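Encoded as structure tokens, the structure appears first; notes follow it.
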Amino acid sequence: MDLAARIRKIPDFPKPGILFYDISTLLIDPKAWRETIDRMAEAARAFAPRCLAAIESRGFLLAAPLALELGIGFVMVRKLGKLPGTVVSHSYDLEYGSDTLQLADGLVAPGSRVLVVDDLIATGGTARATVELLEKVGAEVVGGLFLIELLGLGGRTQLGVPSTALLQFPA
Ligand code: AMP
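Residues in the sequence shown are numbered from 25 upward in steps of one, following this note's numbering.
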């Protein structure tokens, strides 16, 4: 099945010059979504993870069914201020300014094999910051798994751990 054809491309969103890869058209198609999760699960098994770490917010959509399929749990990596209770934070630089990701403290056991999951890797900044956040809590980050990779931005190279993407598109 041609999953790439089910991804809608929206020019100039969220700002001029950005081509936005929208997975809404994949989510609405149950056969294509099933196939997506099956293929992602197969790719995930190669990393033998004990837990998934999902990046807010579209990473959650993938990680929830994937975790069930793999018979493992997943944790939410969220933007600043969204998680209740004690959290571990990690700030990272953006082109202008910085951003902070957070994870609930005590959920990921030290030494646990964690696979980072998101819908898309572009520059790799978000996924790299997630790897660093997980390393702060002592996780063994075994890799990154993405539905889409935008080529030419060096995202997977900058991640610092092995990674796989199901679909490739130009940036
Ligand atoms: P980056 O940190 O540059 O790798 O950006 C990855 C994050 O931004 C992911 O959570 C994506 O969902 C989102 N993102 C970046 N670029 C795009 C794009 N062209 N289309 C859709 N989502 C994007």
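From the three backbone atoms N, C-alpha and C, an ideal C-beta is built for every residue, glycine too. It should be emphasised that the depicted structure is a prediction, and the values quoted were computed from it without experimental measurement.
Task: Of the residues F44, M100 and G148, the one placed nearest Q182, counting alpha carbons only - done: Within the sequence shown, residue 182 is the residue found at index 158, counting from 1. With distances taken between Cα atoms, Q182 lies closest to G148.
Open item on the list: Which residues does DSSP list as the beta-bridge partners of M100?
Closed with: On the sequence shown, position 76 is the one that residue 100 refers to. DSSP, once it has assigned bridges, lists A78 as partnering M100.
Open item on the list: Taking its Cβ as the centre, do 16 or more other Cβ atoms sit within 10 Å of Y120, making it buried, or is it exposed?
Closed with: Working through the sequence shown from its first residue, we reach residue 120 at position 96. Y120 comes out exposed.
- [ ] Report the rounded CA-to-CA distance for G184 versus D142, giving the unit in angstroms.
- [x] Position 160 of the sequence shown, counted from the first residue, corresponds to residue 184. Position 118 of the sequence shown, counted from the first residue, corresponds to residue 142. CA-to-CA, the gap between G184 and D142 works out to about 16 Å.
TODO: Under 8 Å by Cβ, that's how I've got V165 and L158 pegged, so tell me the actual separation to the nearest angstrom.
DONE: One-based indexing of the sequence shown puts residue 165 at position 141. One-based indexing of the sequence shown puts residue 158 at position 134. About 5 Å; that satisfies the 8 Å criterion.
- [ ] Would you list the one or two residues that DSSP bridges to Y116?
- [x] Here residue 116 refers to the residue found at position 92 when the sequence shown is read from its first residue. In DSSP, Y116 forms a bridge with D123.
Task: Beta-bridge pairing of P35 - partner residues as DSSP gives them - done: The residue you call residue 35 lines up with position 11 of the sequence shown. Under DSSP, P35 shares a beta bridge with L43.
Task: Which listed residue (E93, D46, I42 and P38) has its alpha carbon closest to that of R63 - done: The sequence position of residue 63 within the sequence shown is 39, counting from 1. Taking only the C-alpha atoms, the option nearest R63 is E93.
TODO: Confirm the yes/no value for this check: CB of L123, any heavy atom of the ligand AMP, distance under 7 Å.
DONE: Taking the first residue of the sequence shown as 1, we reach residue 123 at position 99. Residue 123 is actually Asp in this sequence, not Leu. Checking every heavy atom of the ligand AMP against the Cβ of D123, none is found closer than 7 Å.
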